[in-house]
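Student: Please find one structure pasted underneath; my questions will follow.
Protein chains: 4
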Amino acid sequence: MTLQPNNQPTTGWRNVLHEIIFEADTPAGKLFDVVLICSIILSVAVVLLDSVAGIRVRYGAILYAAEWFFTILFTIEYILRLISVHRPLRYATSFFGVVDLLAILPTYISLFIPGSQYLLTIRVLRLLRIFRVFKLATYLSEAQLIVTALRASRRKISVFLFAVLTIVIIIGSLMYVVEGGENGFVSIPTSIYWAIVTLTTVGYGDISPQTAVGKALASMVMIIGYAIIAVPTGIVTVELSQATRHMITTQACPACGLQGHDRDAQYCKHCGAHL
Amino acid sequence: MTLQPNNQPTTGWRNVLHEIIFEADTPAGKLFDVVLICSIILSVAVVLLDSVAGIRVRYGAILYAAEWFFTILFTIEYILRLISVHRPLRYATSFFGVVDLLAILPTYISLFIPGSQYLLTIRVLRLLRIFRVFKLATYLSEAQLIVTALRASRRKISVFLFAVLTIVIIIGSLMYVVEGGENGFVSIPTSIYWAIVTLTTVGYGDISPQTAVGKALASMVMIIGYAIIAVPTGIVTVELSQATRHMITTQACPACGLQGHDRDAQYCKHCGAHL
Amino acid sequence: MTLQPNNQPTTGWRNVLHEIIFEADTPAGKLFDVVLICSIILSVAVVLLDSVAGIRVRYGAILYAAEWFFTILFTIEYILRLISVHRPLRYATSFFGVVDLLAILPTYISLFIPGSQYLLTIRVLRLLRIFRVFKLATYLSEAQLIVTALRASRRKISVFLFAVLTIVIIIGSLMYVVEGGENGFVSIPTSIYWAIVTLTTVGYGDISPQTAVGKALASMVMIIGYAIIAVPTGIVTVELSQATRHMITTQACPACGLQGHDRDAQYCKHCGAHL
Amino acid sequence: MTLQPNNQPTTGWRNVLHEIIFEADTPAGKLFDVVLICSIILSVAVVLLDSVAGIRVRYGAILYAAEWFFTILFTIEYILRLISVHRPLRYATSFFGVVDLLAILPTYISLFIPGSQYLLTIRVLRLLRIFRVFKLATYLSEAQLIVTALRASRRKISVFLFAVLTIVIIIGSLMYVVEGGENGFVSIPTSIYWAIVTLTTVGYGDISPQTAVGKALASMVMIIGYAIIAVPTGIVTVELSQATRHMITTQACPACGLQGHDRDAQYCKHCGAHL
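Protein chains in written order, with the numbering used here: chain P, 1 to 275; chain G, 1001 to 1275; chain C, 2001 to 2275; chain Z, 3001 to 3275.
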């Protein structure tokens, strides 16, 4: 077997298998993907229904069978994927390879640790393939834009999260000292949990300050949380704006060389030359 | 009857009817619209009041009569609309046609399924006509801007919602396994509901984590939810910014008449003519 | 008395009074304003303390006396303001004139309707004078910027609020039909209240859905609320951005006439001419 | 000892000490910093664990010993820092100097006021040194950007907070009059606390309106809070956008060396030289 680009094996039947399983260009390949996506959705639905006590009591046996049916199906599929690719290890360690494995493991583990089968819902991650199958290229490029913006702002977001973490630890300790265990702030970790609940404006109300000083402190935390949400929003907005502008305007005018044209421009807006 | 543009029938009385019901240029047409809007507001108020137990006990009979009065009124209006337009089917399948029908159906259905009359509040959608009647053209163009921005960002928003859905399913399952039924996480769908309540920072507190691991996981979900609100905000801000800039520069090219030039453009980007 | 600009009377003592009360340029005028601001803060503190049961029981008499003291003080001040201005009616109907009156009325009304004195806290609005007194011109211009942006986006915000109102009415009715009175959704107005609590991500949890369909609907409302907060944010950001840019760049180059220079620019960035 | 820049003493051993403690360039200095950071994290973990009742009962003695161990360690370090710098007072009054002192005081104070040792968590602030130690210069410059944007918007944010404070005081009083003590609004300060909880969309639900008028008012507050979050977000976004644009164009003028030119600038805006 010679080394080839595109990860494709040369042997005939493995080539065909690869085309069906990994590509969505042939009718067989497309059919395979559609069946796969339906199976994933069904299998996740089975897990969800199985967790509802009322339904489990009635249809437990059927759901249990369905769970094993899908798991065996996905196990066969996983093995076929391993066989059909040129470099099995590379696939097995890729994002989808790991997800495909994690999507079958919980059922086997549940034989030893009951309850772990509920983690099968990680199968929804396999649905990300949906974009490739249905040629949702535009969606992919839009998603790419968001990812680019988030990646560009990862350092600013890290700094922001570090600041938030520092704030909630200090405020959590203060509230623990001020309110004390009898008002629900039973420990500093619990107080930090309360500080996060408050700063992010979630506000369950399972723990809430009772003393006047505690309420004053809590009010400050709320206003801080209300105001600093502006920071990640501003960061992502600026980066998204940059990423969008970049996507629009990477075309230079052949006459004057200036960029910054709209996507629908046919003539340079600076010198009037045809683009 | 010959085919005519603008959906207007040629027959005299239907022409007049059309003018009164669909246009707001003549005094009669304007009067009709004002009466209609008042009727809609009154009829919605009747439904709202009827749902309050204390008021229903006292004024039930009057409210019931008023409900039927408005329904019959709107039924007659709907029939007149169908008669007066040139292409009844086109109207019936248009947005306002469907709304007009949905605004009368619940009363009739309530004869068979009691309680469905409360869905009459869908009549508020008929109030959207208010913009046309009072010539609120500026408001309409502003609304148009928002709609344009939202439409331009619909793909990015879809990708975002898909990501959110994936996150809440996986986190919901994790929390179900970690917390279990005795702490309120009685099933995965319920846990997913909790994950949505938390991620969107609504935080009812009807279900909240009790174990240390659960609280740690919940803290992570809150911080994720607090941070990723930046994504839709950034998307819409960028698109609104683009749409606004576009609207500002609606200077038309003297040669080809096309609009959408940047403020600093000196040549038409469509035909190359000097602006 | 002749008509004069600047609302100033010609008579000597009224002139002096006007200078002291309305201006903050003379030492006497500044002293008056500082005393006034302290009095306002103290009088609001008195109202706040008086509302706390424990404190009222102990110091009720003193607080009651203080309340009347400040009210009589502000009443005298209000009368002096009326006397010292050239056009009393214009002052009385201006924003500050109305606030000054509302800041003394509740005490007198409380003689007939007990409890209304707590509305005296409206006196905090009088503190807005603080910006003028301490020459916080920069703050005023920044505030102006925000007001400009909000005014420019008032139509878009109105459209947005109209849409939100429509959504909460329809969703409130749906939830009333789905959940019914036994789960806390006792009437459509109450359900609308719940919808607002949910859509704005406040989430008190005093009413929360109990049925599966209700929870699914609520999840949708939450995600809608989580996503559409992007709309007002986007609107205000774009307008603020426009307003800021305007403030920065209203200076044209004398040589080439182009604008868009930074505030700290000394030379035109297009032609190099001195600005 | 002669006055020298950079705060460095000339004496040999103090010079070496300074290099180890304050710099991270030499292996010894780096080792010192890594040990320091680990100690800080461990000591904070000790405080957190000590606050959990279950753990304190079991391992109280060990944790108490660890607390004193770290405090004495940090006290020695603090004294060494004071000795090794050229101007001890300048260090002692600097941000890190104050934090270093606050990070040891609570343990000593806890001898007189039990419970104050939980404030030791302020030690997390010492972790800010982490950026310098690991040469996270990029993170620092990103953090700088955020700080610049926040500083530039401090006046607008102040005006916004002043407006929010005015709103919550007036709405708090209104709700106190409308709802009264029997519904949880026991005093105006408590009502103001409720108003902050609602306006910031935290929504604990420990206090929530019960009357129809109160619910209507609360709905208004929620919608206001939901809409005006746009203001700080807009402010910070615009300032971040400005700061980012500035940072991008740090191209220095060849003639005067000044930076801050726009990307499309052809001439220096400070001296007029061609870029």
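The C-beta atom is built at its ideal place from N, Cα and C for all residues, glycine as well. Model, not experiment: these values are computed from the prediction.
Please compile the residues from chain P whose C-beta is within a distance smaller than 8 Å of the C-beta of T3233/Z.
Tutor: Ordered by position in chain P, the residues that pass the 8 Å Cβ test against T3233/Z are I229, A230, T233 and G234.
Student: Please decide whether N3015/Z counts as near chain C, where near means a Cβ-Cβ distance under 7 Å.
Tutor: No, its Cβ sits nowhere closer than 7 Å to a Cβ of chain C.
Student: For L3240/Z, which residues of its own chain have a beta-carbon under 6 Å away from its beta-carbon, when the five flanking residues on both sides are left out?
Tutor: Closer than 6 Å at Cβ, skipping near neighbours: A3149.
Student: Check the Cβ of T237/P against every Cβ in chain C and list those closer than 8 Å, keeping chain order.
Tutor: By Cβ distance, chain C contributes T2237.
Student: Whole-angstrom Cβ separation of E2067/C and T2107/C, contact assumed at under 8 Å?
Tutor: Contact holds; Cβ gap of about 6 Å.
Student: For the alpha helix (DSSP H) containing I3055/Z, list its first residue and its last residue.
Tutor: Taken as a continuous stretch (DSSP letters only), the alpha helix (DSSP H) holding I3055/Z covers A3053 to S3084.
Student: For I3171/Z versus V3221/Z, is the C-beta spacing smaller than 7 Å?
Tutor: In contact: I3171/Z and V3221/Z (Cβ atoms closer than 7 Å).
Student: By the 10 Å Cβ neighbour count, where 16 or more other Cβ atoms means buried, how is I3147/Z classified, buried or exposed?
Tutor: In the sequence under discussion, the amino acid at residue 3147/Z is Val, which differs from the Ile named in the question. When all chains shown are included, V3147/Z counts as exposed.
Student: Shorter than 7 Å from the beta carbon of G1184/G to some beta carbon of chain Z?
Tutor: No, G1184/G does not count as interfacial toward chain Z.
Student: Is R3126/Z buried or exposed, if buried means 16 or more other CB atoms sit within 10 Å of its CB?
Tutor: Answer is buried; the Cβ neighbour count reaches 16.
Student: Please classify F185/P: does DSSP put it in a helix, a strand, or coil?
Tutor: DSSP places F185/P in coil when its eight states are reduced to three.
Student: Any C-beta of chain C sitting closer than 7 Å to the C-beta of M3222/Z?
Tutor: Yes, contact with chain C.
Student: From L2031/C to G3184/Z, what distance separates their C-alpha atoms?
Tutor: Using only the alpha carbons, I get a separation of about 41 Å.
Student: From I1235/G, L1042/G, A1212/G and A1061/G, pick the residue whose C-alpha is nearest to that of E142/P; which is it?
Tutor: For the residues I1235/G, L1042/G, A1212/G and A1061/G, the minimum Cα distance to E142/P belongs to I1235/G.
Student: Given that G214/P touches chain C, what residues does it touch there, using C-beta distances under 8 Å?
Tutor: Those do not exist, as G214/P stays about 16 Å from chain C at its closest Cβ, beyond 8 Å.
Student: Using the rule of at least 16 other Cβ atoms within 10 Å of the residue's Cβ for burial, across every protein chain shown, is L2042/C buried or exposed?
Tutor: By the neighbour-count rule (16 or more Cβ atoms within 10 Å), L2042/C is not buried but exposed.
Student: Here's a check: name, in chain order, each residue in its chain whose Cβ is nearer than 7 Å to the Cβ of P2232/C, leaving out the five neighbours to either side.
Tutor: Contacts found: I2157 and F2160.
Student: Kindly indicate which residue of I192/P, A227/P and Q117/P has the alpha-carbon position closest to the one of L49/P.
Tutor: It is Q117/P whose Cα lies nearest to the Cα of L49/P.
Student: Are the C-beta atoms of D3206/Z and some chain P residue less than 7 Å apart?
Tutor: Answer yes: the Cβ-Cβ gap between D3206/Z and chain P drops below 7 Å somewhere.
Student: Excluding sequence positions up to five away, which residues of its chain have a Cβ less than 8 Å from the Cβ of L3217/Z?
Tutor: For L3217/Z, where only same-chain residues beyond five positions count, the Cβ hits under 8 Å are I3171, L3174, M3175, V3178 and P3209.
Student: Starting from the C-beta of V2186/C, find all residues in its chain whose C-beta is less than 8 Å away, skip the five residues before and the five after it, and write them out in chain order.
Tutor: There are no such residues.
Student: Would you decide whether I113/P is buried or exposed? Buried here means 16 or more other CB atoms lie within 10 Å of its CB.
Tutor: Classification of I113/P: exposed, given that the 10 Å Cβ count is below 16.
Student: Take S65/P and list the residues in its own chain whose beta-carbon comes closer than 6 Å to its own, dropping the five residues that flank it on each side.
Tutor: Note that residue 65/P is Ala in the sequence shown here, rather than Ser. No residues qualify anywhere along the chain.
Student: Going by other Cβ atoms of all chains shown within 10 Å of its Cβ, with 16 needed for buried, is W1013/G buried or exposed?
Tutor: Burial call: exposed.
Student: For Q210/P, does the three-state DSSP call read helix, strand or coil?
Tutor: In the structure shown, Q210/P sits in coil (DSSP, three-state: anything other than H, G, I, E or B).
Student: Looking at I2037/C: is its Cβ nearer than 7 Å to the Cβ of G2029/C?
Tutor: Cβ atoms of I2037/C and G2029/C: not closer than 7 Å.
Student: Any beta carbon of chain C sitting closer than 7 Å to that of I1122/G?
Tutor: So, interface residue.
Student: What is the DSSP secondary structure of L3017/Z, reduced to helix, strand or coil?
Tutor: Helix, per DSSP.
Student: Using 10 angstroms around the beta-carbon of G3115/Z, count the other beta-carbons present and answer buried if the total reaches 16, otherwise exposed.
Tutor: Exposed, by the Cβ-count rule.
Student: Could you work out which residue in V3124/Z, E3182/Z, R3154/Z and I3192/Z is closest to F162/P when comparing CA atoms only?
Tutor: That would be V3124/Z, whose Cα lies nearest to the Cα of F162/P.
Student: Using three-state DSSP, classify I229/P as helix, strand or coil.
Tutor: The answer is coil: DSSP assigns I229/P none of H, G, I, E or B.
Student: How would you write the range of the alpha helix (DSSP H) that E2179/C sits in, first residue to last?
Tutor: Element bounds for E2179/C: R2154 to E2179.
Student: Verify the contact flag: T2071/C, CB atom, against every heavy atom of the ligand NAD, threshold strictly below 6 Å.
Tutor: Summarising the ligand content, the structure contains no ligands, and the ligand NAD is consequently not present.
Student: Between which two residues does the alpha helix (DSSP H) carrying D3050/Z extend?
Tutor: Note, D3050/Z: alpha helix (DSSP H), P3027 to D3050.
Student: Hey, is Y1193/G's beta-carbon within less than 7 Å of any beta-carbon in chain P?
Tutor: Taking Cβ atoms only, chain P never reaches closer than 7 Å to Y1193/G, which makes this a no.
Student: Can you name the residues of chain C whose CB is closer than 7 Å to the CB of V3159/Z?
Tutor: Near V3159/Z (Cβ distances below 7 Å), the residues of chain C are Y2139, E2142, A2143 and I2146.
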